[in-house]
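Asks: What follows is a single structure, and I will ask about it in a moment.
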Amino acid sequence: AQSVSQHNHHVILSEAASLELGCNYSYGGTVNLFWYVQYPGQHLQLLLKYFSGDPLVKGIKGFEAEFIKSKFSFNLRKPSVQWSDTAEYFCAVIRGSGNTGKLIFGQGTTLQVKP
Amino acid sequence: ETGVTQTPRHLVMGMTNKKSLKCEQHLGHNAMYWYKQSAKKPLELMFVYNFKEQTENNSVPSRFSPECPNSSHLFLHLHTLQPEDSALYLCASSQGGLAGVHEQFFGPGTRLTVL
């Protein structure tokens with residue numbers, strides 16, 4: 140069965156530190172990749188997505204992610220985090236090029252940024 | 013109101029009760045989804061509706077019964093639940109159809125506690 144793995148469950152950083160959250164998936168075919176974020180008390184919202192084209196994807200709030208097909212990875216990065224980035228981050232995958240709607244999520248990574 | 017709304021936001025019910033969760037989307041989408049978010053587990057897709065037709069039932073127990081009367085509304089009817097069904101239930105919507113992959117927009121969730 141397809142799965143999505145986020146290796147870091149809880150990350151604590153100081154402001155201005157660099158961030159990289161790992162995400163690996165197990166499906167070998169065409170995939171569409173997403174990072175969602177859930178700020179405390181708020182809805183899940185899309186941070187960025189990869190469907191095709193440039194494997195380096197820019198998202199909101201200075202986040203970016205790189206799709207490395209050979210490594211089945213889609214790691215999330217930010218060069219300098221802020222206290223307001225404290226949230227839970229979810230990697231998610233949809234298989235194939237059609238809209239099956241079957242988003243498969245990783246277990247999430249809680250990021251705590253200390254001021 | 014904009015986006016995806018869910019009511020109630022919190023629900024406590026006994027195992028013999030019958031209750032319903034409601035989701036409404038104001039985005040003109042044609043696909044709607046139910047997800048379950050349990051502590052320390054990945055978000056799990058439960059049901060997918062595309063143009064009011066159920067296209068996915070992810071092996072969900074029959075004590076959960078979805079209903080999609082139109083493209084804007086989605087219900088989850090609950091009966092004879094178990095304490096392990098306590099979780100955050102999230103609704104999402106996206107553009108419908110089978111071509112292409114579309115971003116899903118999430119509601120705030122209903123926090124369900126089964127006593």
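These protein sequence lines map, in sequence, to chains A and B. Take 140 as the starting number for the first sequence in this note's numbering and just add one per residue. Take 13 as the starting number for the second sequence in this note's numbering and just add one per residue. Ideal Cβ positions, reconstructed from N, Cα and C, are used throughout, including at glycine.
(1) Tell me which same chain residues have a C-beta within less than 8 Å of the C-beta of G245(A), skipping the five on either side of it?
(2) Could you confirm whether any beta carbon from chain A is found closer than 9 Å to the beta carbon of K53(B)?
(3) Going by beta carbon distance, what residues of the same chain come within less than 6 Å of L183(A), once the five residues before and after it are set aside?
(4) Measure the alpha-carbon distance for G40(B) versus K31(B) and round it to whole angstroms.
(5) When burial is assigned at 16 or more other CB atoms within 10 Å of the CB, is D193(A) buried or exposed?
(6) Just to confirm my understanding: we take Y164(A), look at its own chain, exclude 5 residues before and 5 after, and list those with CB closer than 6 Å. What are they?
(7) I want to see whether chain A comes within less than 9 Å of A99(B), judged by CB atoms only; does it?
(8) Show which residues of chain B have a CB atom less than 8 Å away from the CB atom of Q246(A).
(9) Compute the Euclidean distance between the alpha carbons of G121(B) and T225(A), then round it to the nearest angstrom.
Replies: On the basis of the coordinates in this document:
(1) V143, S144, Q145, C162, F229, C230 and A231
(2) yes
(3) Y175 and Q177
(4) 27 Å
(5) exposed
(6) V143, F211 and V232
(7) no
(8) K52, K53 and P54
(9) 20 Å
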